[in-house]
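The block underneath contains the structure these notes are about, expressed in structure tokens.
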Amino acid sequence: MNTLSGDDIARHNDGVSLTLEELTSKLEARYSAGPEPRTFAYFGSRFLISINPYEALESQGDAAAAVYAEDYRNISGKRKGVAPHVFAMAANAYLHMRQTGLNQSVVFS
Numbered sequence: 033m034n035t036l037s038g039d040d041i042a043r044h045n046d047g048v049s050l051t052l053e054e055l056t057s058k059l060e061a062r063y064s065a066g067p068e069p070r071t072f073a074y075f076g077s078r079f080l081i082s083i084n085p086y087e088a089l090e091s092q093g094d095a096a097a098a099v100y101a102e103d104y105r106n107i108s109g110k111r112k113g114v115a116p117h118v119f120a121m122a123a124n125a126y127l128h129m130r131q132t133g134l135n136q137s138v139v140f141s
């Protein structure tokens, strides 16, 4: 399981303009950067891009879900920072809802 690092090539600040070619290049590099395709990438703080690998991956299984659930349950204030994933987005939305009492929405498009 990849963890998020400071040099995560697909994590950009909100408001950064990229050309289609730059974005495609960064996503291709990220996808092929490890032993297993890295299919999720954050773009800014509110967007998650998913690339369909057309195959079952270890990062989509129950063990991966358990890693994200463990990170969510970590109340020490020192979350370890897991790699971009739809599991992380769901956990963060749920955590924000529990902290603020506000409804949350996740849009898949």
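Take the position in the sequence shown, starting the count at 1, then add 32; the result is the number in my numbering. Glycine is no exception: its CB is placed at the ideal position from the N, C-alpha and C atoms.
Asked: Under 9 Å, do F79 and A115 count as touching if we go by C-beta distance?; Found: no
Asked: For my contact list, E90 and E60 are in at a C-beta cut-off of 8 Å; report their separation, rounded to the angstrom.; Found: Not really, about 21 Å apart at Cβ, beyond 8 Å.
Asked: Apply the 10 Å Cβ neighbour rule to A98 and answer buried if 16 or more other Cβ atoms are within range, or exposed otherwise.; Found: exposed
Asked: Going by CA-CA distance only, name the one from T56, T132, G93 and F140 that's closest to M121.; Found: F140
Asked: Using DSSP with H/G/I as helix, E/B as strand and the rest coil, what is Y126?; Found: helix
Asked: Just to confirm, is the Cβ distance from A123 to D94 under 9 Å?; Found: no
Asked: Just the Cα atoms here: how many angstroms apart are I83 and L127?; Found: 25 Å
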